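S.K.: Just dropping this structure here.
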Amino acid sequence: MIRAACAAVLTLVATLPAAALDCALDKAVYTPLDADDDWSAPEGVSNAWEITHPLRPDPSADRPWVLRLAENRQGLAAEFGIAEPPGFSATHVFMLLPPGGKDKGKGKARETGKRLDASTAPASLLYYFGDDLKRMDPRGEPPPKAPPLVQLPGLSKAFWAWKRDGRRFVPPDGLWKLAACRD
4 MIRAACAAVL TLVATLPAAA LDCALDKAVY TPLDADDDWS APEGVSNAWE ITHPLRPDPS
64 ADRPWVLRLA ENRQGLAAEF GIAEPPGFSA THVFMLLPPG GKDKGKGKAR ETGKRLDAST
124 APASLLYYFG DDLKRMDPRG EPPPKAPPLV QLPGLSKAFW AWKRDGRRFV PPDGLWKLAA
184 CRD
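First residue of the sequence shown? That's 4 in our numbering, and the numbers climb one at a time after it.
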């Protein structure tokens, strides 16, 4: 009984955000808190998911960075622009480059020579949270500080419904924690 309680406490502590990490958003690496929610991994296989925010200066963008979602075991990644559409009170991500795509041009993400259809490509709301689970926004003087948690609610379902990549790239839903800082 005591072992089970200790194991539960250790599991809870291991899943909490790493408060000691302090880095700029463009150096932050996020990993999913619930990697078991990975719909694209075969039974018994764990994919290696991560979210980063590489800088991509674009005068027409709402933010000077993109959100890059990668699955490193398969070598697949998708990049998303970050925008705050007028009339909406939330930040959104919209796909720029699908998994396996080649062209990183302005909205002309290609996979098979066809233009990416933004109306059907996966998109999601984007939320950042502090250690206290209060929503926050990493704006401000460059470079902004990386929040401890990120959430893209509904992105898994959007990729699952898209079916364009044979469902090899369906990211886990839920929270992503700040796991590392890259140089």
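C-beta atoms are modelled at their ideal positions from N, C-alpha and C, and glycine is treated no differently.
Computed from a prediction, not measured in an experiment: that's the story for all the values here.
1. Which whole-angstrom value is the C-beta distance of P141 and P150, which I expect to be below 8 angstroms?
2. Going by other Cβ atoms of all chains shown within 10 Å of its Cβ, with 16 needed for buried, is A164 buried or exposed?
3. With DSSP as the reference, label S127 as helix, strand or coil.
4. Just to check my reading of the structure: A80 and R71 have Cβ atoms closer than 8 angstroms, yes? What is that Cβ distance to the nearest angstrom?
5. Give the straight-line distance between the Cα atoms of L181 and G133, rounded to the nearest whole angstrom.
6. Assign A93 to one of two classes, buried (16 or more other C-beta atoms within 10 Å of its C-beta) or exposed (fewer than that).
7. Taking the beta carbon of S49 as the centre, do at least 16 other beta carbons fall within 10 Å, making it buried, or is it exposed?
8. Keeping to the same chain, check which residues put their C-beta closer than 7 angstroms to that of K107; ignore five residues upstream and five downstream.
9. Looking at C-alpha atoms only, which residue of W52, A161, P88 and L58 is the closest neighbour of A27?
10. In three-state DSSP terms, what is L99?
11. So which of L36, V153 and R171 has the shortest CA-CA distance to G78?
12. Return the Cβ separation of R2 and V69 in integer angstroms, given the expectation that the two are a contact with Cβ distance under 8 angstroms.
13. Ends of the beta strand (DSSP E) at W179?
14. How about L100: is its C-beta nearer than 9 angstroms to some C-beta of chain D?
15. Taking the beta strand (DSSP E) that W52 belongs to, which residues open and close that run?
16. Do you know how far the Cα of R76 is from the Cα of P125?
17. Quick one: give me the first and last residue of the beta strand (DSSP E) that A27 is part of.
M.R.: Looking at the coordinates:
1. 6 angstroms
2. exposed
3. strand
4. 6 angstroms
5. 11 angstroms
6. exposed
7. exposed
8. Residue placement at K107 is poorly supported in this model, since its pLDDT is 45, which falls under 50; the coordinates still yield a value, given next. Correct list, in chain order: L100.
9. L58
10. strand
11. R171
12. No answer is possible for residue 2: it lies beyond the span of the chain, which begins at 4 and ends at 186.
13. L178 to C184
14. In summary, chain D is missing from the structure at hand, where a single protein chain is found.
15. W52 to T55
16. 21 angstroms
17. A27 -> no beta strand (DSSP E), and no H or E assigned at all.
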